[in-house]
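A.B. asks:
In our numbering, the protein residues as written are 473 to 681.
Below, the structure is given as structure tokens:
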């Protein structure tokens with residue numbers, strides 16, 4: 473059985489859970505990271521030298537980096553989620569790359585400081601918040617009138633974006649309403665697999681340790 477090493481509350485772990493649940497692939501999730509204090513051990517570093525989560529263990533295959541895990545699982549079990557040809561795959565995977573290249577930095581910065589008192593926030597909080605809003609505006613514009621981010625159907629683009637964008641829309645910062653992005657997020661949140669990913673529903677596919 474596939475082992476997923478990572479705490480439920482990690483957005484990057486949630487991406488992987490979301491996909492595993494969507495494709496109905498049995499797995500065992502084990503608590504690693506942050507409060508569990510077990511990613512800096514020699515044993516874990518042999519699996520993932522970055523000492524971060526998630527790490528996926530599939531028999532003799534060990535994979536880290538959440539988007540790489542998504543691509544691996546889709547290639548083996550659900551290739552339709554990644555496109556049928558290079559052009560389609562480029563439409564799917566650009567949003568996965570964009571997430572890391574453009575959204576992740578302001579997301580992490582705002583995530584760390586949004587709930588703090590203003591005097592306790594980092595000096596660049598306002599700039600990072602403005603950048604985050606600008607990136608969300610790109611998403612809102614792209615998804616306008618569309619059900620999904622690529623190919624007109626549910627793909628890895630939606631899987632990768634969903635946990636992080638959901639958090640971004642919940643941050644207590646000043647921003648536009650982003651009605652199109654909010655519509656998409658609500659539709660994603662209604663999927664059973666996403667409910668499992670964020671801990672709102674139990675899974676019938678896994679055990680947690």
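Each residue gets a CB set at the ideal place from its N, CA and C atoms; glycine is no exception.
#1: Using a threshold of 6 Å, is the CB atom of residue 671 nearer than that to any non-hydrogen atom of the ligand MG?
#2: Helix or strand or just coil, what does DSSP make of residue 502?
#3: Taking DSSP as the reference, what is the three-state secondary structure of residue 530?
#4: What's the C-alpha gap between residue 483 and residue 635?
#5: Using a Cβ distance threshold of 8 Å, determine whether the stretch 643-657 contacts the stretch 606-626, with at least three qualifying pairs required.
#6: I believe residue 622 touches residue 570 by the beta-carbon criterion, under 8 Å. Please report the beta-carbon distance rounded to the nearest angstrom.
#7: Could you tell me if residue 669 is buried or exposed, where buried requires 16 or more neighbouring beta carbons within 10 angstroms of its beta carbon?
#8: Touching or not, the stretch 576-591 and the stretch 528-545, by the rule of three or more beta carbon pairs under 8 Å?
#9: According to DSSP, residue 678 sits in a beta bridge with which residue or residues?
#10: Per DSSP, what kind of secondary structure is residue 622 in: helix, strand or coil?
#11: Using a Cβ-Cβ cut-off of 8 Å (strictly less than) and excluding sequence neighbours within five positions of residue 620, which residues of its own chain qualify?
#12: Does DSSP classify residue 615 as helix, strand or coil?
#13: Using the C-alpha atoms, what's the distance from residue 632 back to residue 481?
#14: Spatial neighbours of residue 576 within its chain, please: C-beta separation below 8 Å, excluding the five flanking residues on both sides.
#15: Can the beta-carbon of residue 500 be found closer than 7 Å to that of residue 678?
#16: Measuring CB atoms only, is the stretch 660-674 touching the stretch 491-508, in the sense that at least three cross pairs come out at less than 8 Å?
#17: Could you tell me the distance, in whole angstroms, from the CA atom of residue 518 to the CA atom of residue 539?
C.D. replies: In terms of the structure at hand:
#1: Ligands in the displayed structure: none, and consequently the ligand MG is not present.
#2: Here residue 502 is taken as the residue at index 30 of the chain shown, counted from 1. Correct three-state label for residue 502: strand.
#3: Numbered from 1 along the chain shown, position 58 holds the residue referred to as residue 530. If DSSP states are grouped into helix, strand and coil, residue 530 belongs with the strands.
#4: Counting from 1 along the chain shown, the entry for residue 483 is found at position 11. Counting from 1 along the chain shown, the entry for residue 635 is found at position 163. One C-alpha to the other measures close to 6 Å.
#5: yes
#6: Position 150 of the chain shown holds residue 622. Position 98 of the chain shown holds residue 570. Actually they are not in contact, since the Cβ atoms of residue 622 and residue 570 sit about 11 Å apart, beyond 8 Å.
#7: For the purposes of this step, residue 669 is taken as residue 197 along the chain shown, with counting starting at 1. That one is buried.
#8: no
#9: Counting from 1 along the chain shown, the entry for residue 678 is found at position 206. DSSP output for residue 678 lists 499 as bridge partner(s).
#10: In the chain shown, residue 622 corresponds to position 150, counting from 1. Residue 622: strand per DSSP, three-state reduction.
#11: For the purposes of this step, residue 620 is taken as residue 148 along the chain shown, with counting starting at 1. Hits under 8 Å: 626, 627, 629, 630, 656.
#12: In the chain shown, the residue the question calls residue 615 occupies position 143. Here residue 615 sits in helix by DSSP.
#13: Numbered from its first residue, the chain shown carries residue 481 at position 9. Numbered from its first residue, the chain shown carries residue 632 at position 160. The alpha-carbon atoms of residue 481 and residue 632 are separated by roughly 15 Å.
#14: Residue mapping note: residue 576 aligns to position 104 of the chain shown, counting from 1. Here the set comprises 636.
#15: As a working note, residue 500 is residue 28 in the chain shown. As a working note, residue 678 is residue 206 in the chain shown. Yes, these two residues count as a Cβ contact at 7 Å.
#16: yes
#17: For the purposes of this step, residue 518 is identified with residue 46 of the chain shown, where counting begins at 1. For the purposes of this step, residue 539 is identified with residue 67 of the chain shown, where counting begins at 1. Roughly 20 Å separates the two Cα atoms.
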